[in-house]
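What follows is a set of notes on a single structure, which appears directly below.
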Amino acid sequence: MYFIDEKELDAIRAVFERKRLFRYQPDEGGECDLFEREFERYLPVPHSLLVTSGTNALIAALKSGGIGPGDEVIIPAYTFVATAAAVAQVGAVPVIANIDETLGISPSDIEAKLSSRTRALLPVHMDGLAADMNAITRLAQSRQLLLIEDVAQAIGGSFQGRKLGTLGDFGCFSLNENKNISCGEGGIVTATSRARYENLFCQHDVSAQYNPVKSRFFVETRPFLGSSMRISEISGAIMRVQLSRLDEILRLLRERKAIYREALAGLRQVRLITGNCSEGDCGSSIHLLCSDPGYAIQAGQALRNAGYLFAPVTTRPAHAAWKWLPLLDKEPAPRGQAPNQMAHFLQSVDVLTRVLRLETDIHKSLAATQTDARSVRHILESL
């Protein structure tokens, strides 16, 4: 959470003064409703729904899209465990595709992993970096596959002028504490069609059909028993303030990453990763792609010794596929045929073992950031 102050406290105080903490009251127009309308205008997207986590946003989207037992969903080898967990939670099979040097899922490896059981593609915009949505969208459309964007780590980012989360059938966002904007914990799921939005509403509220305010809500969907992913008015109030901060947060992050991009240009054994759309990169992390794993180890040690905390991305808990595969309940495919064994994503292992990551310090001045970036270049040139 980059910024939190009296504005969020005032918003929470107003909710307490109204004595209206539960979202669904006899009338509409509460904080959650207002946030959703504001978020829809921000992206823009036709429909959005607040839920309790980014994981539940993914689960709701998968269920709303009709994904279930026996279906295969292609996901990247570099993503937080929640992406795979959500697929497993609906009974489907997560099939791992390699990433490329943008840190996004490789469209060519998606194509290689397609089968007669593939029902959905789930690209992840990792660390604020956009996946190659042109190629991925073409693949989804050509095979009539559901396209769900995992935007947990890239809220506010864009691809070729369009906000991430508006390019597929669903967009799934996280509001966890370490995201661009946050209420501590929460999620948002967006949908492009009314029918899917109504389905999402049932997924997130087990008693949706009994809500008197929603008596005329269900036009294209017959209400059904869902789960309980409802979020409180306190979270909605915080998120309205946080959303108003988002563009400024992104500006500050991008300014600082641009300094590193300029300072590190032209290095022989290192380049900065900017994803598939440098203009839309959130700027939340500085990624150094090194020439080989041995150099990455050497460079990382030298930088850390000098006080610059560039860490191998492979040290992140629960982000590389080989760290979360053992947690899945069952083998993703019969033994001898398993596409998710480590041997099938060695390309991803090669990329990830060459990447060092530093979180962008939004509170550090531009002058201090310039000094740091020049020092980092000097260290790398000296190796």
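Count along the sequence shown from 1, then add 28; that gives the number in the numbering used here.
For glycine and all other residues, C-beta sits at the position ideal for the given N, C-alpha and C.
Bear in mind that the values here come from a model prediction, so they are computed numbers and not experimental data.
Whole angstroms is fine: what's the gap from residue i's alpha carbon to residue j's?
{"i": "residue 285", "j": "residue 312", "result": "8 Å"}
{"i": "residue 298", "j": "residue 409", "result": "10 Å"}
{"i": "residue 76", "j": "residue 130", "result": "29 Å"}
{"i": "residue 405", "j": "residue 315", "result": "14 Å"}
{"i": "residue 373", "j": "residue 326", "result": "24 Å"}
{"i": "residue 115", "j": "residue 87", "result": "7 Å"}
{"i": "residue 209", "j": "residue 265", "result": "13 Å"}
{"i": "residue 246", "j": "residue 310", "result": "36 Å"}
{"i": "residue 349", "j": "residue 42", "result": "43 Å"}
{"i": "residue 271", "j": "residue 280", "result": "15 Å"}
{"i": "residue 177", "j": "residue 161", "result": "9 Å"}
{"i": "residue 79", "j": "residue 257", "result": "5 Å"}
{"i": "residue 174", "j": "residue 29", "result": "32 Å"}
{"i": "residue 36", "j": "residue 269", "result": "6 Å"}
{"i": "residue 306", "j": "residue 317", "result": "15 Å"}
{"i": "residue 291", "j": "residue 403", "result": "9 Å"}
{"i": "residue 239", "j": "residue 386", "result": "47 Å"}
{"i": "residue 58", "j": "residue 46", "result": "10 Å"}
{"i": "residue 361", "j": "residue 81", "result": "Confidence at residue 361 is low in this model, with a pLDDT of 49, below 50, so the placement of that residue is unreliable and no value is reported for it."}
{"i": "residue 295", "j": "residue 289", "result": "11 Å"}
{"i": "residue 379", "j": "residue 134", "result": "12 Å"}
{"i": "residue 382", "j": "residue 253", "result": "47 Å"}
{"i": "residue 90", "j": "residue 370", "result": "25 Å"}
{"i": "residue 329", "j": "residue 108", "result": "25 Å"}
{"i": "residue 259", "j": "residue 205", "result": "15 Å"}
{"i": "residue 40", "j": "residue 262", "result": "6 Å"}
{"i": "residue 351", "j": "residue 217", "result": "26 Å"}
{"i": "residue 232", "j": "residue 400", "result": "46 Å"}
{"i": "residue 171", "j": "residue 123", "result": "16 Å"}
{"i": "residue 234", "j": "residue 255", "result": "5 Å"}
{"i": "residue 332", "j": "residue 322", "result": "16 Å"}
{"i": "residue 126", "j": "residue 180", "result": "19 Å"}
{"i": "residue 398", "j": "residue 392", "result": "10 Å"}
{"i": "residue 71", "j": "residue 189", "result": "11 Å"}
{"i": "residue 394", "j": "residue 384", "result": "22 Å"}
{"i": "residue 375", "j": "residue 158", "result": "19 Å"}
{"i": "residue 363", "j": "residue 62", "result": "Unreliable placement is indicated for residue 363, whose pLDDT of 43 sits below 50; the coordinate value is still reported in the next sentence. Straight-line Cα distance between these residues: approximately 50 Å."}
What is the DSSP secondary structure of residue i, counted as helix, strand or coil?
{"i": "residue 388", "result": "coil"}
{"i": "residue 204", "result": "strand"}
{"i": "residue 186", "result": "strand"}
{"i": "residue 36", "result": "helix"}
{"i": "residue 299", "result": "strand"}
{"i": "residue 135", "result": "helix"}
{"i": "residue 238", "result": "helix"}
{"i": "residue 214", "result": "coil"}
{"i": "residue 192", "result": "coil"}
{"i": "residue 177", "result": "strand"}
{"i": "residue 288", "result": "helix"}
{"i": "residue 70", "result": "helix"}
{"i": "residue 127", "result": "strand"}
{"i": "residue 152", "result": "strand"}
{"i": "residue 246", "result": "coil"}
{"i": "residue 359", "result": "Any reading at residue 359 must be qualified, since the residue scores a pLDDT of 49, below 50, and its modelled position is unreliable; no value is offered."}
{"i": "residue 46", "result": "helix"}
{"i": "residue 411", "result": "coil"}
{"i": "residue 305", "result": "coil"}
{"i": "residue 81", "result": "coil"}
{"i": "residue 394", "result": "helix"}
{"i": "residue 375", "result": "helix"}
{"i": "residue 160", "result": "coil"}
{"i": "residue 310", "result": "coil"}
{"i": "residue 52", "result": "coil"}
{"i": "residue 113", "result": "helix"}
{"i": "residue 29", "result": "coil"}
{"i": "residue 293", "result": "coil"}
In this structure, what does DSSP give as the bridge partners for residue i?
{"i": "residue 219", "result": "75 and 198"}
{"i": "residue 146", "result": "100"}
{"i": "residue 170", "result": "DSSP output for residue 170 lists no bridge partner at all."}
{"i": "residue 263", "result": "DSSP, once it has assigned bridges, lists no residue as partnering residue 263."}
{"i": "residue 122", "result": "101"}
{"i": "residue 383", "result": "317"}
{"i": "residue 403", "result": "For residue 403, which the question treats as bridged, DSSP gives no partner whatsoever."}
{"i": "residue 106", "result": "348"}
{"i": "residue 233", "result": "256"}
State yes or no: is the C-beta of residue i nearer than 8 Å to some heavy atom of the ligand FMN?
{"i": "residue 31", "result": "Within the structure as shown, the ligand FMN is missing, as the structure has no ligands at all."}
Report task. Tell me, please, whether the region 153 to 167 touches the region 181 to 189 by the rule of three or more beta-carbon pairs shorter than 8 Å. Result -> yes
| Given 8 Å, three or more beta-carbon pairs between the region 212 to 223 and the region 332 to 346 | no
Original post:
At what residue ranges does the region 312 to 355 contain a whole run of the alpha helix (DSSP H), taking only runs of 4 or more?
Top reply: 321 to 333 and 349 to 352
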